[in-house]
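Chains E and R, in that order, give the protein sequences. Numbered according to my numbering, the first sequence spans residues 1 to 291. Numbered according to my numbering, the second sequence spans residues 1001 to 1281. Ideal Cβ placement from N, Cα and C applies to all residues, glycine included.
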Amino acid sequence: MPPTDEVMVEERVAALSTRSIKREAKMWALRAAISMTDLTTLEGMDTKEKVRQLCHKAIRPDPTDASIPPVAAVCVYPNLVGTAAEVLGATSVRVAAVSTYFPSGQAPLDLKVAETRQVVADGADEVDMVIDRGAFLAGDYVKVFSEVATVREAAGDACLKVILETGELGSYDNVRRASMLAMAAGADFIKTSTGKVSPAATPAVTLVMLESIRDFHRSTGRAVGMKPAGGIGSAKQAIRWLVLLNETLGLEWMTPQRFRFGASSLLNDLLMQIRWLETERYQSPDYFTRA
Amino acid sequence: MVGRLAVSKTYKLYIDGAFPRSESGRTFAFTSDDGSVKVYLSRASRKDLRMAVRAARAALAGWKGRSGYNRGQVLYRIAEMVEDRAATFTAQLELGGRPTGEARKEVEETIDLLIWYAGWCDKYMQVIGNMNPVAGSFFNISVPEPVGVVGVSAPSAPVLRGLVAGLAPVISSGNTAVVVASPAQPMVAITLAEALATADVPAGAVNILTGCPEELAPWLAGHMDVNGVDLSGVHPDALSDLEEAASHNLKRTGRWENSDANLYRISAFTEIKTVWHPKGR
């Protein structure tokens, strides 16, 4: 595998981040970003009530504007999959569950498999698994590959997103290696981070992963999705990510089937920016429902 | 031998405790009354205003969480800092066309006004608030609380005292402020910002923008994260449009024709909270 040119990755990200997006395109991007959001709550203090509230927010993000699309999915801990599935059942919003002993992934494989089967049985349409970063950094790529492949099988028809936790991988080369491993083992999406480690999703890491997806698609013909997650709180950042996506993979990837944002506070900022464009009045979080 | 070149000050904006130039890069000129001095200042854009409101919002919890007594100490310290710069303020007012005696008098009155409001910081609630008579085993208490972020459009005359007459009552109750200075003599606003920055005023609690008030006032009045606006400095013809813009989030609006000490300029930007409390026994 050729080494990644760190300087050029950062230069390209910096160059693309200054691109000016005009009004019409911005409005399109804001709405697209909402439909690509995996509205996420992954706190120890999550309750069923909070998840129900989040699900209703996911279905109708802005109660005053029915034209705002629903988000792509709601992402929760395994315990709350049933609760989310009850609310989201008949809607277009999918249920995503983190699995394989998120966020550390430090557990025996049979437990990870059992957890994955359980969340799918409880109603998860999508499974967000973590790789064993310890094994990866120790050079045990076979273990990482076979774990992803085994969980892939356990997840059945569910969409499998593989979290690389790039903040712990140390180099762009490792990010690229982990991306290739995950895709070869059957990932439907590769995802940057758990959100529990800093740095989480950075534009540079995202670019490296997007380029891995492009190369994988060229050599195998299989299209894999991308999900940056963690630390994406503003509409401005989200639009920068969409620029990276468009420049690297093109319009075919600008859909919720192939691109997601893992976020919680991002949704309200997107709504605020839409209303700002519509009203030409700067907005306040006071007038938007809590996620 | 060539004489020494004077090192003159760059007048910038005051946002979040720092002195940035306008993000737009724009400037405007102030020319002294006699034409002898020309100064370029930053001309704030709506994006600078947005940053100022954001800073004011972030500073709100801390500033209104201070005890009234402590806010009084800070306002007193502002007065000390203005006194320390009295000569500078006087000279700048003279550049704006004020005769020497009047300029000096305006600075002194400004300092006295700050001291007056400093005293009210821990007392206005006793006067504006009330223990209400109710028939029952309860106390019923009304207390004024700051409304939040308040925009102040400062009048053109008297330029320094008018600005302080708008700003001091707003911050004395615990609001944070975004001030749009008058272009009549904008340098005094930035000199005041320097006094504020060294007077223990927390970053963001007061933000001062120079530029064109006609350009900035509509954005300020329409901003949904601003809770009140003092429109003393705007042209009367613009008033109804600005009040309409302010109505979208039911901002408190106020307009005063003079810059006298006035307790009601404090209460104008407070919200009355009434609580019932059991008497016990």
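With 16 as the cutoff for other CB atoms within 10 Å, does residue i come out buried or exposed?
{"i": "E278(E)", "result": "exposed"}
{"i": "A1087(R)", "result": "exposed"}
{"i": "Y1040(R)", "result": "exposed"}
{"i": "Y1069(R)", "result": "exposed"}
{"i": "D65(E)", "result": "exposed"}
{"i": "G1162(R)", "result": "buried"}
{"i": "S1042(R)", "result": "buried"}
{"i": "Y1124(R)", "result": "buried"}
{"i": "R19(E)", "result": "exposed"}
{"i": "A1135(R)", "result": "exposed"}
{"i": "L1005(R)", "result": "exposed"}
{"i": "R176(E)", "result": "buried"}
{"i": "V1234(R)", "result": "buried"}
{"i": "E24(E)", "result": "exposed"}
{"i": "S1008(R)", "result": "exposed"}
{"i": "W1219(R)", "result": "buried"}
{"i": "N1232(R)", "result": "A small fix is needed here, since residue 1232(R) is Ser in this sequence, not Asn. Buried, by the Cβ-count rule."}
{"i": "R222(E)", "result": "exposed"}
Applying a beta-carbon distance threshold of less than 9 Å, which residues of chain R neighbour residue i?
{"i": "Q283(E)", "result": "H1223, M1224, D1225"}
{"i": "Y77(E)", "result": "In chain order: nothing, as chain R lies at least about 31 Å away."}
Go through its chain and collect everything with a Cβ distance to residue i's Cβ below 6 Å, but skip five positions before and after it.
{"i": "M1051(R)", "result": "I1015"}
{"i": "D269(E)", "result": "S234, A235"}
{"i": "A1103(R)", "result": "T1090, L1093, E1094"}
{"i": "V1107(R)", "result": "A1086, F1089, T1090"}
{"i": "G1228(R)", "result": "V1147, V1150, K1251, R1252, F1269"}
{"i": "D1200(R)", "result": "V1074, R1077"}
{"i": "T1031(R)", "result": "K1038"}
{"i": "A1118(R)", "result": "G1072, L1075, Y1076"}
Residue i versus chain E: which residues are under 8 Å apart at the beta carbon?
{"i": "V1053(R)", "result": "Y282"}
Taking the alpha carbon of residue i as the reference point, which residue from the options has its own alpha carbon closest?
{"i": "R1021(R)", "options": "K1273(R), T1210(R), R1265(R)", "result": "T1210(R)"}
{"i": "E1214(R)", "options": "V1170(R), P1183(R), K1273(R)", "result": "P1183(R)"}
{"i": "A90(E)", "options": "I59(E), I239(E), A114(E), A107(E)", "result": "I59(E)"}
{"i": "P1144(R)", "options": "S1153(R), V1127(R), P1155(R)", "result": "V1127(R)"}
{"i": "A1111(R)", "options": "A1197(R), G1119(R), E1083(R), T1270(R)", "result": "Here residue 1111(R) is Ile; the residue named in the question, Ala, does not match the sequence. If we check each option's Cα against that of I1111(R), E1083(R) comes out closest."}
{"i": "G231(E)", "options": "G167(E), M209(E), G250(E), L251(E)", "result": "G167(E)"}
{"i": "M1(E)", "options": "R290(E), Q118(E), K48(E), N174(E)", "result": "N174(E)"}
{"i": "Q283(E)", "options": "V1147(R), R1057(R), I1141(R), G1233(R)", "result": "R1057(R)"}
{"i": "A201(E)", "options": "R240(E), A185(E), K48(E)", "result": "R240(E)"}
{"i": "G123(E)", "options": "V87(E), V113(E), P108(E)", "result": "V87(E)"}
{"i": "I1272(R)", "options": "W1256(R), G1035(R), G1148(R), T1176(R)", "result": "G1148(R)"}
{"i": "V1264(R)", "options": "A1168(R), P1236(R), N1227(R)", "result": "Here residue 1264(R) turns out to be Tyr, not Val, going by the sequence shown. Out of A1168(R), P1236(R), N1227(R), A1168(R) has the C-alpha closest to the C-alpha of Y1264(R)."}
{"i": "M8(E)", "options": "L207(E), F216(E), W253(E), R214(E)", "result": "L207(E)"}
{"i": "T1191(R)", "options": "N1258(R), P1099(R), L1013(R)", "result": "L1013(R)"}
{"i": "S264(E)", "options": "V13(E), R12(E), M27(E), K57(E)", "result": "K57(E)"}
{"i": "E1064(R)", "options": "G1166(R), A1044(R), P1202(R), G1003(R)", "result": "A small fix is needed here, since residue 1064(R) is Lys in this sequence, not Glu. Closest by alpha carbon: P1202(R)."}
{"i": "L1033(R)", "options": "T1027(R), G1096(R), N1132(R)", "result": "In the sequence as displayed, the identity of residue 1033(R) is Asp instead of Leu. For the residues T1027(R), G1096(R), N1132(R), the minimum Cα distance to D1033(R) belongs to G1096(R)."}
{"i": "D1122(R)", "options": "N1140(R), V1159(R), S1172(R)", "result": "S1172(R)"}
{"i": "V1206(R)", "options": "A1195(R), T1100(R), S1067(R)", "result": "A1195(R)"}
{"i": "V1179(R)", "options": "E1080(R), L1049(R), S1267(R), V1275(R)", "result": "L1049(R)"}
{"i": "D1230(R)", "options": "E1257(R), M1081(R), H1248(R)", "result": "E1257(R)"}
{"i": "P256(E)", "options": "C55(E), V93(E), P3(E)", "result": "V93(E)"}
{"i": "R281(E)", "options": "H1248(R), R1054(R), R1255(R)", "result": "H1248(R)"}
{"i": "A1238(R)", "options": "S1153(R), A1261(R), W1116(R)", "result": "S1153(R)"}
{"i": "P1186(R)", "options": "A1177(R), S1156(R), G1166(R), S1024(R)", "result": "S1156(R)"}
Can you give me the Cβ contacts of residue i inside the same chain, cut-off strictly under 7 Å, excluding the 5 residues immediately before and after it?
{"i": "P1278(R)", "result": "S1137, F1138"}
{"i": "D188(E)", "result": "C159, L160, K161, V224, G225"}
{"i": "I34(E)", "result": "P61, I68, P69, V71, L267, L270"}
{"i": "L30(E)", "result": "A235, L270, Q273, I274"}
{"i": "E211(E)", "result": "T248"}
{"i": "A178(E)", "result": "I131, F136, L164, L169"}
{"i": "G1017(R)", "result": "A1197, A1203, G1204"}
{"i": "V1275(R)", "result": "I1141"}
Listing by chain order, which chain R residues have their CB less than 8 Å from the CB of residue i?
{"i": "Y287(E)", "result": "M1224, N1249"}
Taking 8 Å as the limit between beta carbons, can you name the residues of its chain near residue i, skipping five residues before and five after?
{"i": "S104(E)", "result": "V130"}
{"i": "G82(E)", "result": "D122, G123"}
{"i": "L244(E)", "result": "V13, L16, P203, T206, L207, L210"}
Residues of chain E with a CB under 9 Å from the CB of residue i: which are they?
{"i": "W1120(R)", "result": "The contacting residues do not exist; W1120(R) stays about 28 Å from chain E at best."}
Find the residues of chain E that neighbour residue i, judging by a C-beta separation of less than 7 Å, and give them in chain order.
{"i": "R1050(R)", "result": "Y282"}
Note down, in chain order, all residues in the stretch 1230 to 1242 of chain R with a beta-carbon under 9 Å from any beta-carbon belonging to chain E. The stretch 1230 to 1242 of chain R vs chain E, Cβ under 9 Å: nothing.
Got a sec: which bits of the stretch 1242 to 1256 of chain R sit with their beta carbon under 9 Å from any beta carbon on chain E, in order along the chain? Correct list: A1245, H1248, N1249.
Please list, in chain order, the residues of the stretch 1193 to 1225 of chain R that have any C-beta partner in chain E closer than 8 Å. Here the close residues are W1219, G1222, H1223, M1224, D1225.
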